Amino acid sequence: MARRSKSAVEDYPVDIVENIVDIDVSAEMESSFLEYSYSVIYSRALPDARDGLKPVQRRILYMMQQMGLRPDKGHVKSARVTGEVMGKLHPHGDAAIYDAMVRLAQSFAMRLPLVDGHGNFGSLDDGPAAARYTEARMAPAAMALTADLDEDVVDFVPNYDNQFMQPGVLPAAFPNLLVNGTTGIAVGMATNMAPHNLREVIAGTRHLIAHPDATLKEVMKFIPGPDLPSGGTIVGLSGIKDAYESGRGTFKTRAKVSIEQVTPRKQGIVVTELPYMVGPEKVIEKIKDGVNAKKLTGISDVVDLTDRKHGLRLVIEIKNGFNPQAVLASLYKHTPLEDSFGINNVALVNGQPQTLGLLDLLRVYIDHRLSVVRCRTEFRLGKHKDRLHLVDGLLIAIVDIDEVIEIIRSSDETAQAREKLMAVFDLTEVQANYILELRLRQLTKYSRIELEAERDKLRQEIAELERILGSDSALRELVSDELAEVAEKYGNDRRTVLKTKDDMQSAIEAVSNGASKAKKSLGLALEIADEPCWVLLTASGILGRTVGKPMREALVDPGKRIKHDVFTSIVPTTARGEIGAVTSTGRMVRLSVMDLVVFDDSSGTPVLTTGVKATEVVALAKGEKLVGLVPLNEVLALATANGVIKRVNPEYPLNQTEWDVIKLKPKDTVIAATVCSSDNNALTLVTQEAKLLTFDAAKVRPQGRAGGGIAGIKLGSQDAVIALGVTAPGSAAEVVTVTNGQDGMASAKVTPLAEYPQKGRATGGVRAHRFLTGESKLALAWVGIGPAKAGTPGGVARSLPTEHGSRDGSGVPLTQAIGAVGPNYAAITEQAKMASDGEKLF
Numbered sequence: 001m002a003r004r005s006k007s008a009v010e011d012y013p014v015d016i017v018e019n020i021v022d023i024d025v026s027a028e029m030e031s032s033f034l035e036y037s038y039s040v041i042y043s044r045a046l047p048d049a050r051d052g053l054k055p056v057q058r059r060i061l062y063m064m065q066q067m068g069l070r071p072d073k074g075h076v077k078s079a080r081v082t083g084e085v086m087g088k089l090h091p092h093g094d095a096a097i098y099d100a101m102v103r104l105a106q107s108f109a110m111r112l113p114l115v116d117g118h119g120n121f122g123s124l125d126d127g128p129a130a131a132r133y134t135e136a137r138m139a140p141a142a143m144a145l146t147a148d149l150d151e152d153v154v155d156f157v158p159n160y161d162n163q164f165m166q167p168g169v170l171p172a173a174f175p176n177l178l179v180n181g182t183t184g185i186a187v188g189m190a191t192n193m194a195p196h197n198l199r200e201v202i203a204g205t206r207h208l209i210a211h212p213d214a215t216l217k218e219v220m221k222f223i224p225g226p227d228l229p230s231g232g233t234i235v236g237l238s239g240i241k242d243a244y245e246s247g248r249g250t251f252k253t254r255a256k257v258s259i260e261q262v263t264p265r266k267q268g269i270v271v272t273e274l275p276y277m278v279g280p281e282k283v284i285e286k287i288k289d290g291v292n293a294k295k296l297t298g299i300s301d302v303v304d305l306t307d308r309k310h311g312l313r314l315v316i317e318i319k320n321g322f323n324p325q326a327v328l329a330s331l332y333k334h335t336p337l338e339d340s341f342g343i344n345n346v347a348l349v350n351g352q353p354q355t356l357g358l359l360d361l362l363r364v365y366i367d368h369r370l371s372v373v374r375c376r377t378e379f380r381l382g383k384h385k386d387r388l389h390l391v392d393g394l395l396i397a398i399v400d401i402d403e404v405i406e407i408i409r410s411s412d413e414t415a416q417a418r419e420k421l422m423a424v425f426d427l428t429e430v431q432a433n434y435i436l437e438l439r440l441r442q443l444t445k446y447s448r449i450e451l452e453a454e455r456d457k458l459r460q461e462i463a464e465l466e467r468i469l470g471s472d473s474a475l476r477e478l479v480s481d482e483l484a485e486v487a488e489k490y491g492n493d494r495r496t497v498l499k500t501k502d503d504m505q506s507a508i509e510a511v512s513n514g515a516s517k518a519k520k521s522l523g524l525a526l527e528i529a530d531e532p533c534w535v536l537l538t539a540s541g542i543l544g545r546t547v548g549k550p551m552r553e554a555l556v557d558p559g560k561r562i563k564h565d566v567f568t569s570i571v572p573t574t575a576r577g578e579i580g581a582v583t584s585t586g587r588m589v590r591l592s593v594m595d596l597v598v599f600d601d602s603s604g605t606p607v608l609t610t611g612v613k614a615t616e617v618v619a620l621a622k623g624e625k626l627v628g629l630v631p632l633n634e635v636l637a638l639a640t641a642n643g644v645i646k647r648v649n650p651e652y653p654l655n656q657t658e659w660d661v662i663k664l665k666p667k668d669t670v671i672a673a674t675v676c677s678s679d680n681n682a683l684t685l686v687t688q689e690a691k692l693l694t695f696d697a698a699k700v701r702p703q704g705r706a707g708g709g710i711a712g713i714k715l716g717s718q719d720a721v722i723a724l725g726v727t728a729p730g731s732a733a734e735v736v737t738v739t740n741g742q743d744g745m746a747s748a749k750v751t752p753l754a755e756y757p758q759k760g761r762a763t764g765g766v767r768a769h770r771f772l773t774g775e776s777k778l779a780l781a782w783v784g785i786g787p788a789k790a791g792t793p794g795g796v797a798r799s800l801p802t803e804h805g806s807r808d809g810s811g812v813p814l815t816q817a818i819g820a821v822g823p824n825y826a827a828i829t830e831q832a833k834m835a836s837d838g839e840k841l842f
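The sequence shown begins at 1 in full-length UniProt numbering and counts up by one.
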């Protein structure tokens, strides 16, 4: 450090008088801090209760209006607006000004944005681009806030260096503080106000204008609660009522969610609306943290599918075996999918911060708006009277225009002409000056007609303005009508749903206390119980499972379904069990029951349209078909088109998802797969050429899955097996055969299976149906208990004969039926088997 030289010290004046002032540091700190606090409260952090704007926001809108940045003009660089505001009105940095302008443009923050931004103005997870990259102009709603500023409706105050004037408050044609809300942190106090729906706020304001003594309960009929820009759901209205009464209260907001089948094997929670000021990235981060910390279970993945076209879409995939409702309750408990909003209605009233309830806020605004409209009316009245005064003088002059011209020509100077005009025509100085400034073209006969019309109109308008000023009710009515026009022009529908009852809160608390308590108190266990259920496959290829066991009568005539659709495979199992799907190529695919879509059977009736296509669950090669569903713990019977029969032992690999259950010869295919555990059962094969062979299952020894089966029925060169039936001894089984005739020529026959004698395996069987003229083969054959109707390959339902036919006789013509119900599935499901050709069985 350099030392000061001796000569420099000697250069100091010798007559310096020290003036050291002793002050109380605590008093100075208190005084300075109070000044700073007041500056922050009044000039920066808190909004004015009249227009709902902080000083920086008010200056931005005023300067944009002065710059002519109206909605019908082009956008300009945000940096230009920021520079104008900073240079003329706001003595702070450009960053603070730009941040305030950005918020005014963000639709997710403002219920009714006041700035129309062009470019990247940020999101809930990311900040905006720099001011040099974005552009802005006033939004239409901002024009309503700044309207009539040039009509002396508010007081103007000097800027920070007394070079420019700025409005101390904006006219505010709608209650902006309630509509857009605000947030701010001052010194020793803060404000946090929720946005509301414009139409509802104006409706409540108009009611209070018409009924100044209205109660809070009456006003809340119009303003039931906040309306957040992001939508969502507000749960519990007691906190809102507290806030409306005292200015302080808390309410809970929840995301809008739905539980959907996001993949053929998985359910998911789809989030389309989030709580106010909560971004999707924040939610994803909290979910991942909760999963890592073991607070959240049952979640396999979180995918953000948000885009410009469809909006927010956050998909939370649920692991198989977990209850989506219980997982949702855990998400509400541990993530921002449920958030709290604390209302603290602190605003400036006459320059002083106050905590205001709903009625107080509305009354402050109404008083302000009445003052604005009164000042505007007085201003317009004065302008109209001034104009009428000039028009009256001009009409006097036009009556004798020649003399007026002569007086002007004969005068040496303007003052002399003015005095002569005032003396001759009894005009005021203002009128005389106006006449002297007229152009000759304004003195035509046509101009006189226009002036007289203008005079009459001015008198009517003056009378109306005086009526408004002379009647408080007329003034209030005018303010109310103008508010209605604003609501009609800028209002939109409510976005946030209000719920008085919290349906999920008990579930959230129960889940947080453990799954066992949740299950006991709510029946809402986190993991799905391994309860009995059925897996169903329909004729149209719809696959799904039930919740529990629906009534068997529900399977006879299911509810909503595709036309003529019925169940073709029904497998009893459990929710956490596994079943097999057999294909025409001899493959068996292991399916987890938990992975399957649940048929919506809340009413006890499975709804077939709620499942998914089986091909989305079981990958099939070209030409491969799904033959049926089977349990994995039973001996199966398989039949092929070439007449091979095989019984398969349930010895399947535990570490594989698919395997072969039969070794097929070239060009052969599996046509049916069903349970056949008992050697006492009978196996029945039916062919296209109406051959039927029934024999004991004991003649077919169960093989391993690598076996190729044995000969079942002897076929002709053009014949093929089309049906396999497994029946219990002594059962009242029937055989249905339908020919391939067209329309009315097709015939059907129902015959008791007992009429067909049992023959040896690998023989040709017996005739099951005698063909009529035009018939060449069977289109459908089915062996089981009690079918009711059948149908053609074209999907048209046909009535079956009510009388049994002889085993080798012909069928009877089919008659068209209006509807179609399945066979007696109650009896069939007891044997866990269905028709082999479900696409044709109705």
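For every residue, glycine included, the Cβ atom is placed at its ideal position computed from N, Cα and C. Fair warning: this is a prediction, and the values are worked out from it, not measured in the lab.
A direct Cα-Cα distance of roughly 10 Å separates Asp-426 from Ala-397.
When the five nearest sequence neighbours on each side are left out, the beta carbons in the same chain lying within less than 8 Å of the beta carbon of Val-391 are those of Leu-451, Glu-454, Arg-455, Leu-458, in order along the chain. Taking 8 Å as the upper bound for CB-CB distance, Arg-132 and Lys-73 are not in contact here, some 20 Å apart. Under the three-state reduction of DSSP, Asn-192 is assigned to strand. Val-675 sits in a strand when the DSSP states are folded into three classes. With 16 or more other CB atoms across the displayed protein chains lying within 10 angstroms of its CB, Leu-361 is buried. Below 8 Å, enough C-beta pairs join the segment 679-693 and the segment 710-729 to call them touching: three or more. Assignment of His-118 by DSSP, reduced to helix, strand and coil, places it in the strand class.
Between Thr-538 and the set Lys-489, Phe-599, Phe-695, the nearest pair of CA atoms involves Phe-599. If you keep only unbroken alpha helix (DSSP H) runs of at least 4 residues inside the segment 269-300, you get 280-292. When Asn-197, Arg-767, Glu-624, Lys-699 are compared, the shortest CA-CA separation from Asp-668 is found for Glu-624. Between the alpha carbons of Gly-760 and Leu-683 lies a distance of about 11 Å. Between the segment 398-405 and the segment 74-85, the count of Cβ pairs shorter than 8 Å is below three; the stretches do not touch. The beta-carbon separation of Val-235 and Lys-499, rounded to 5 Å, stays under the 8 Å limit for a contact. Straight through space, the alpha carbons of Arg-103 and Asp-126 are spaced by roughly 13 Å. Here Gln-65 is buried: its Cβ has 16 or more other Cβ atoms, across all protein chains shown, within 10 Å. Judged by DSSP in its simplified three-state form, Met-220 adopts helix.
Going by DSSP, Asn-180 is part of the alpha helix (DSSP H) stretching over 176-180. For Asn-642, the closest C-alpha among the options Leu-715, Tyr-490, Leu-693 is that of Leu-715. A check of alpha carbon separations from Ile-318 across Lys-266, Asp-307, Glu-338 identifies Lys-266 as the nearest.
Under the three-state reduction of DSSP, Ile-401 is assigned to helix. Note: Leu-314 is bridge-paired with Val-271, Asp-304 in the DSSP secondary-structure output. Ile-259 sits away from Ile-287, with the two beta carbons spaced by 8 Å or more. Between the alpha carbons of Val-262 and Arg-313 lies a gap of roughly 12 Å. A contact is defined here as three or more CB-CB pairs under 8 Å, and the segment 240-247 fails this definition with respect to the segment 273-283. Around the beta carbon of Arg-701, a 10 Å sphere encloses fewer than 16 other beta carbons of the protein chains shown; the residue is thus reported as exposed. In the structure shown, Ile-259 falls within a strand segment according to DSSP collapsed to helix, strand and coil.
No Cβ-Cβ contact shorter than 8 Å links Val-597 with Ala-575. Residue pairing for Phe-567: DSSP places it in a beta bridge opposite Thr-538. Per the coordinates, the alpha-carbon of Val-154 lies some 12 Å from the alpha-carbon of Met-165. Beta-bridge pairing by DSSP links Met-165 to Pro-158.
Taking a 10 Å sphere around the C-beta of Lys-217, we find fewer than 16 other C-beta atoms and assign the residue as exposed.
Ser-747 sits in a strand when the DSSP states are folded into three classes. The straight-line gap separating the alpha-carbon atoms of Ala-194 and Ala-210 is approximately 25 Å. Counting only runs that start and end inside the segment 345-421, the alpha helix (DSSP H) elements of at least 4 residues fall at 358-399, 401-410.
DSSP places Asp-99 in no beta strand (DSSP E) but in the uninterrupted alpha helix (DSSP H) bounded by 94-105.
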